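Taking it in order: structure first as structure tokens, then the write-up.
Laid out in structure tokens, this is it:
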């Protein structure tokens, strides 16, 4: 029987070649793997917006004899126990009641907590450590990002480069980001960020960096993302939001976590360099001090 990870990898690999209905089913499974273990075939099909027959075609295509065998591989991977989020979300609902504005705030708070809870429950600490080490030791790390996530990537670079001086800033807005990737060399890292709606330019630049021999770190919101098949390191970024655009709180948290890991694992010379940054900024009046003129 296929393992959980093998099943997800087969879904990723086959996604582009599936029919539109099979893609709907595959995307739902890739985006909600933790819930498959508890779904009947009809329930999963309804959630994915396909028929039970379509879902069974996908199950067979993945090499399972039937839906029960397919679901079993997800059950074996499931870690039992109610998330602490449940009680926090329930508390928010009970504590805050009122008009429409309050409802909006409640929804944002609940979805933000859910995104963070999902991020840390589904992401292996060892994987984040590997990524931090890859960025810290790479000849160069290139940030592949466009659109709304770009400002978060820029803030990450502004802080993290003190621990990883070869972490390059994202290209300023206004020019094609692929222009910067002509200097990508084998062994470099390309840290690629993408949430829906996916930017074609980011996808093309990531594919180009892969062809140039870079290791791809994919921070994206779905295993059906164009980044997933390219990834040497994959972190799913939950982005559920009640507003019209995806939430970026989980992305910011991942980048802050990577920064913390890089600093925690740096050598003495890097630690001294960070201290020198701090001394220099204070000496030159970059940081406001009480009583400063």
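Residue numbers (the working numbering): 197 to 489.
Cβ atoms here follow ideal geometry from the backbone N, Cα and C, with glycine treated the same way.
Just so it is clear, the structure is predicted and the values come from calculations on it, not from any experiment.
In whole angstroms, what is the alpha-carbon distance linking residue i and residue j?
{"i": "residue 279", "j": "residue 320", "result": "Its pLDDT being 42, under 50, residue 279 is placed unreliably in this model, and the value from its coordinates should be taken loosely. In a straight line, the C-alpha of residue 279 is about 16 Å away from that of residue 320."}
{"i": "residue 425", "j": "residue 308", "result": "27 Å"}
{"i": "residue 303", "j": "residue 314", "result": "16 Å"}
{"i": "residue 255", "j": "residue 261", "result": "8 Å"}
{"i": "residue 351", "j": "residue 460", "result": "19 Å"}
{"i": "residue 382", "j": "residue 239", "result": "46 Å"}
{"i": "residue 232", "j": "residue 432", "result": "17 Å"}
{"i": "residue 464", "j": "residue 334", "result": "18 Å"}
{"i": "residue 447", "j": "residue 348", "result": "8 Å"}
{"i": "residue 217", "j": "residue 250", "result": "7 Å"}
{"i": "residue 201", "j": "residue 323", "result": "14 Å"}
{"i": "residue 450", "j": "residue 374", "result": "24 Å"}
{"i": "residue 359", "j": "residue 242", "result": "48 Å"}
{"i": "residue 390", "j": "residue 407", "result": "19 Å"}
{"i": "residue 310", "j": "residue 402", "result": "29 Å"}
{"i": "residue 328", "j": "residue 485", "result": "33 Å"}
{"i": "residue 248", "j": "residue 237", "result": "6 Å"}
{"i": "residue 199", "j": "residue 273", "result": "9 Å"}
{"i": "residue 452", "j": "residue 462", "result": "15 Å"}
{"i": "residue 438", "j": "residue 475", "result": "43 Å"}
Just verifying my parser: in three-state terms, what is the DSSP assignment at residue i?
{"i": "residue 461", "result": "coil"}
{"i": "residue 183", "result": "As shown, the chain starts at 197 and ends at 489. That puts residue 183 outside it, with no answer to give."}
{"i": "residue 432", "result": "strand"}
{"i": "residue 321", "result": "helix"}
{"i": "residue 301", "result": "helix"}
{"i": "residue 363", "result": "strand"}
{"i": "residue 450", "result": "helix"}
{"i": "residue 232", "result": "helix"}
{"i": "residue 314", "result": "helix"}
{"i": "residue 377", "result": "helix"}
{"i": "residue 485", "result": "coil"}
{"i": "residue 157", "result": "There is simply no residue 157 to check, as the chain begins at 197 and stops at 489 in what is shown."}
{"i": "residue 308", "result": "helix"}
With respect to the alpha helix (DSSP H) encompassing residue i, which residues constitute its N-terminal and C-terminal limits?
{"i": "residue 351", "result": "346 to 356"}
{"i": "residue 206", "result": "200 to 210"}
{"i": "residue 269", "result": "263 to 273"}
{"i": "residue 178", "result": "Given a span of 197 to 489 for the chain in the structure shown, any question on residue 178 remains unanswerable."}
{"i": "residue 385", "result": "Counting along the chain, residue 385 falls outside any alpha helix (DSSP H), though it belongs to the beta strand (DSSP E) covering 385 to 390."}
{"i": "residue 253", "result": "248 to 257"}
{"i": "residue 219", "result": "216 to 227"}
Quick one: residues in its chain with C-beta nearer than 7 Å to the C-beta of residue i, no 5 flanking neighbours on either side, listed in chain order?
{"i": "residue 203", "result": "258 and 269"}
{"i": "residue 214", "result": "222"}
{"i": "residue 229", "result": "204 and 270"}
Can you tell which of the options has its C-alpha closest to the C-alpha of residue i?
{"i": "residue 399", "options": "416, 221, 263 and 222", "result": "416"}
{"i": "residue 363", "options": "251, 243, 423 and 458", "result": "458"}
{"i": "residue 245", "options": "233, 220 and 263", "result": "220"}
{"i": "residue 226", "options": "357, 430, 467 and 439", "result": "430"}
{"i": "residue 412", "options": "428, 422 and 419", "result": "428"}
{"i": "residue 387", "options": "441, 330, 420 and 418", "result": "330"}
{"i": "residue 205", "options": "420, 466, 325 and 301", "result": "420"}
{"i": "residue 235", "options": "271, 476, 253 and 410", "result": "271"}
{"i": "residue 306", "options": "466, 445, 452 and 317", "result": "445"}
{"i": "residue 397", "options": "434, 423, 435 and 317", "result": "423"}
{"i": "residue 410", "options": "210, 343 and 336", "result": "336"}
Quick one: give me the first and last residue of the beta strand (DSSP E) that residue i is part of.
{"i": "residue 337", "result": "337 to 340"}
What residues in its chain sit with their C-beta under 6 Å from that of residue i, if we drop five residues either side in the sequence?
{"i": "residue 455", "result": "355 and 356"}
{"i": "residue 483", "result": "477"}
Give every residue of the same chain whose Cβ lies closer than 8 Å to the Cβ of residue i, excluding the five residues on either side of it in the sequence, and list them in chain order.
{"i": "residue 405", "result": "338, 340, 377, 380, 384, 386, 388 and 412"}
{"i": "residue 435", "result": "311, 391, 392, 417, 442, 443, 444, 446 and 447"}
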